[in-house]
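See below for the structure under consideration.
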Amino acid sequence: MTERDFFAHLEYRLSRELRALRIGEAPDLACSGVSPRSFEWADAMPVFHGVVWMNGLPDRHPTNYEEEWRFTLRIHRAVSARADIEWKPLLPDDERHGWLGVDTEAQRVQIDLPAGWRTAAS
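Each residue of the sequence shown is one higher than the last, beginning at 1 in my numbering.
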């Protein structure tokens, strides 16, 4: 899986996780796009910053208008280069929870991915 593939799959995984969370003021919150814009290192661990497009906020947009929110994605695995990131093991399967934080007021999404949840065979 390439970095580009990962972020395309992450869009759909975010929407499924948001449905599972059923956030009080926004139970129908969904993601309709993920775009990484910058990359940095924090303690030898990769951190991506970018934009997610969110919809499903009826109090703010009765017609289901998309909002552009900011996201930070932290990968909790030290790697020596961006090209060394193994993307497939980082994508959370549907049984994994606790990796997503949402702040509807600040319009921010925080994604914290452990070093890997899957075995090499998955």
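Yeah, the Cβ is synthetic: ideal placement off N, Cα and C, and Gly gets one too.
Is there at least one non-hydrogen atom of the ligand ATP closer than 7 Å to the beta-carbon of residue i?
i, result
"valine 79", "With respect to the ligand ATP, the structure shown offers nothing to examine, as it has no ligands at all."
DSSP three-state call for residue i: helix, strand or coil?
i, result
"alanine 81", "coil"
"glutamate 40", "strand"
"proline 89", "helix"
"aspartate 94", "coil"
"arginine 22", "coil"
"aspartate 5", "helix"
To the nearest angstrom, report how far apart residue i and residue j are at their CA atoms.
i, j, result
"arginine 86", "proline 92", "One detail in the question is off: residue 86 reads as glutamate in this sequence, not arginine. Looking at the two C-alpha atoms, the distance is approximately 13 Å."
"aspartate 94", "arginine 16", "8 Å"
"arginine 77", "glutamate 40", "13 Å"
"arginine 108", "glutamate 66", "14 Å"
"arginine 96", "leucine 10", "13 Å"
"alanine 83", "methionine 1", "12 Å"
"proline 89", "leucine 57", "31 Å"
"cysteine 31", "threonine 104", "13 Å"
"alanine 20", "arginine 4", "25 Å"
"isoleucine 75", "tryptophan 69", "20 Å"
"threonine 119", "leucine 113", "Any reading at threonine 119 must be qualified, since the residue scores a pLDDT of 42, below 50, and its modelled position is unreliable; the value itself is stated next. Near 15 Å, if we compare the C-alpha coordinates of leucine 113 and threonine 119."
"glutamine 110", "leucine 73", "6 Å"
What are the partner residues of residue i, as DSSP defines its beta bridges?
i, result
"tryptophan 53", "Gly33 and Glu68"
"phenylalanine 48", "Phe39 and Leu73"
"glutamine 107", "In the DSSP output, where bridge partners are listed per residue, glutamine 107 has none listed."
Name the two residues that bound the continuous beta strand (DSSP E) containing residue i.
i, result
"aspartate 103", "100-103"
Cβ contact check for the region 41-56 and the region 94-101: 3 or more pairs under 8 Å
Because the criterion of three Cβ pairs below 8 Å is not met, the region 41-56 and the region 94-101 do not touch.
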